[in-house]
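Chemist: In my numbering, the protein residues as written are 1 to 252.
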């Protein structure tokens, strides 16, 4: 580490964070030139910082491309959202997948988006779905609406104020309309995304609560619209989420 980095560790961490932020689901491996372009740091700074991150195991570089290192994967498994929530809910995700044979997902709210914590797809490929660790819009997803329907008004306001661009012709882009939908979700106990995020794909989701009845996550089933019948699937998804809530609350 250089004298400048030693004197200003916060700046060094900011540079490391900028490099990590350059990676996402569409950019899993980056050349040095691509890393420089995406992180916004000078080339020499990027190269020096990335070299240090390689030695720490935060990055890996088996060839000419950088990628996230296994040490970060090991550390991420200690995060409560992965260790406590996922471990408590996973058996119910597996049961739900076994009963429906469509993709099952677990998500938590992260800013204006939903972070995908776990996903089970089986043998049916669904490339349009975000990978674990990826994120999806909150306003037009079943997972997002199941969470927002039980969130504080300020949280809902923040999510809707972040923008609601149309992803398909069926996307609800009016804040008032989304709020009315959230009221229905809160009363019914489960949320529906009818081809709003991806054409031809529908989703049914239900909320997961903590020991104080605070909203912590949501689980969902997602698949081709022809295979998803919300009126039939909704109660089953709600029951799975309720069982997952009890299991998570006991762990807490």
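Positions of the beta carbon are idealized from the N, C-alpha and C atoms, including for glycine.
Where do the ends of the beta strand (DSSP E) carrying residue 307 lie?
Modeler: Because the chain is modelled from 1 through 252, residue 307 falls outside the range shown and cannot be assessed.
Chemist: Decide yes or no for the touch test of the segment 169 to 180 against the segment 208 to 227: beta carbon pairs closer than 8 Å, at least 3 of them.
Modeler: Cβ pair count under 8 Å is below three, so no.
Chemist: Are the beta-carbon atoms belonging to residue 242 and residue 206 less than 9 Å from one another?
Modeler: The residue given as residue 242 occupies position 242 in the chain shown. The residue given as residue 206 occupies position 206 in the chain shown. Yes.
Chemist: Do the CB positions of residue 100 and residue 221 come within less than 9 Å of each other?
Modeler: In the chain shown, residue 100 corresponds to position 100, counting from 1. In the chain shown, residue 221 corresponds to position 221, counting from 1. A contact, by the Cβ cut-off of 9 Å.
Chemist: Label residue 105 either buried or exposed according to how many other C-beta atoms from any shown protein chain fall within 10 Å of its C-beta, with 16 as the threshold for buried.
Modeler: Working through the chain shown from its first residue, we reach residue 105 at position 105. Residue 105 comes out buried.
Chemist: Please give me, in chain order, every unbroken run of the alpha helix (DSSP H) with length at least 4 that falls completely inside the segment 165 to 249.
Modeler: Counting only runs of 4 or more, we get 175 to 188.
Chemist: Under 8 Å Cβ to Cβ from residue 42, same chain only, skipping five residues before and after it: list those, please.
Modeler: Counted from its first residue, the chain shown places residue 42 at position 42. 36, listed in sequence order.
Chemist: Straight-line CA distance for residue 98 to residue 69?
Modeler: Along the chain shown, read from residue 1 onward, the residue named residue 98 stands at position 98. Along the chain shown, read from residue 1 onward, the residue named residue 69 stands at position 69. Each residue's Cα considered, the two are about 33 Å apart.
Chemist: What residues in its chain sit with their C-beta under 7 Å from that of residue 34, if we drop five residues either side in the sequence?
Modeler: One-based indexing of the chain shown puts residue 34 at position 34. Answer for residue 34: no residue qualifies.
Chemist: With burial defined as no fewer than 16 other Cβ atoms inside 10 Å of the residue's Cβ, what is the status of residue 22: buried or exposed?
Modeler: The residue you call residue 22 lines up with position 22 of the chain shown. Classification of residue 22: buried, given that the 10 Å Cβ count is 16 or more.
Chemist: Measure the CB-CB distance between residue 86 and residue 114 and report whether it falls below 9 Å.
Modeler: If you number the chain shown from 1, residue 86 lands on position 86. If you number the chain shown from 1, residue 114 lands on position 114. Not in contact: residue 86 and residue 114 (Cβ atoms no closer than 9 Å).
Chemist: Taking the alpha carbon of residue 246 as the reference point, which residue from 12, 92, 143, 119 has its own alpha carbon closest?
Modeler: Along the chain shown, one-based indexing puts residue 246 at 246. Of the listed residues, the one whose Cα sits closest to residue 246 is 92.
Chemist: Check the C-beta distance from residue 136 over to residue 109 and give it rounded, since I have them as a contact under 8 Å.
Modeler: Within the chain shown, numbered from 1, the residue matching residue 136 stands at position 136. Within the chain shown, numbered from 1, the residue matching residue 109 stands at position 109. No, residue 136 and residue 109 are not in contact; Cβ-Cβ is about 11 Å, not under 8 Å.
Chemist: Would you list the residues sitting across from residue 103 in a DSSP beta bridge?
Modeler: In the chain shown, counting from the first residue as 1, residue 103 sits at position 103. Answer is 222, bridged to residue 103.
Chemist: Excluding five sequence neighbours on each side, which residues of the same chain lie with their C-beta closer than 6 Å to the C-beta of residue 4?
Modeler: Within the chain shown, residue 4 is the residue found at index 4, counting from 1. A caution first: residue 4 carries a pLDDT of 49, below 50, which makes its placement in the model too unreliable to give a value.
Chemist: How far does the beta strand (DSSP E) with residue 36 in it extend, from its first residue to its last?
Modeler: Within the chain shown, the letter at position 36 stands for residue 36. Note, residue 36: premise wrong, no beta strand (DSSP E); alpha helix (DSSP H) at 32 to 39.
Chemist: Comparing C-alpha positions only, which one of 150, 40, 171, 25 sits nearest to residue 260?
Modeler: One cannot answer for residue 260 here, as it falls past the ends of the chain, which runs 1 to 252.
Chemist: Across which residues does DSSP place residue 66 in a beta bridge pair?
Modeler: For the purposes of this step, residue 66 is taken as residue 66 along the chain shown, with counting starting at 1. Answer is 30, bridged to residue 66.
Chemist: Rounded to whole angstroms, what is the Cα-Cα separation between residue 248 and residue 16?
Modeler: Looking up residue 248 in the chain shown gives position 248. Looking up residue 16 in the chain shown gives position 16. Taking the straight line from one Cα to the other gives about 34 Å.
Chemist: Within 10 Å of its beta-carbon, does residue 232 have 16 or more other beta-carbons around it, so buried, or fewer, so exposed?
Modeler: On the chain shown, residue 232 is found 232 positions in, with the first residue counted as 1. So residue 232 counts as exposed.
Chemist: Provide the residue span of the beta strand (DSSP E) that contains residue 129, from first to last.
Modeler: Within the chain shown, residue 129 is the residue found at index 129, counting from 1. Residue 129 -> no beta strand (DSSP E), and no H or E assigned at all.
Chemist: Would you call residue 138 buried or exposed, if buried means 16 or more other Cβ atoms sit within 10 Å of its Cβ?
Modeler: The count along the chain shown starts at 1 and reaches residue 138 at position 138. With 16 or more other Cβ atoms within 10 Å, it is buried.
Chemist: Looking at C-alpha atoms only, which residue of 67, 193, 156, 112 is the closest neighbour of residue 26?
Modeler: Mapped onto the chain shown, residue 26 falls at position 26. Here the closest residue by C-alpha is 67.
Chemist: Can you give me the start and stop residues for the beta strand (DSSP E) that residue 113 sits inside?
Modeler: As a working note, residue 113 is residue 113 in the chain shown. Here the beta strand (DSSP E) through residue 113 covers 113 to 120.
Chemist: Would you kindly work out how many angstroms separate the C-alpha atoms of residue 229 and residue 200, rounded to a whole number?
Modeler: Translated into positions along the chain shown, residue 229 becomes position 229. Translated into positions along the chain shown, residue 200 becomes position 200. Using only the alpha carbons, I get a separation of about 13 Å.
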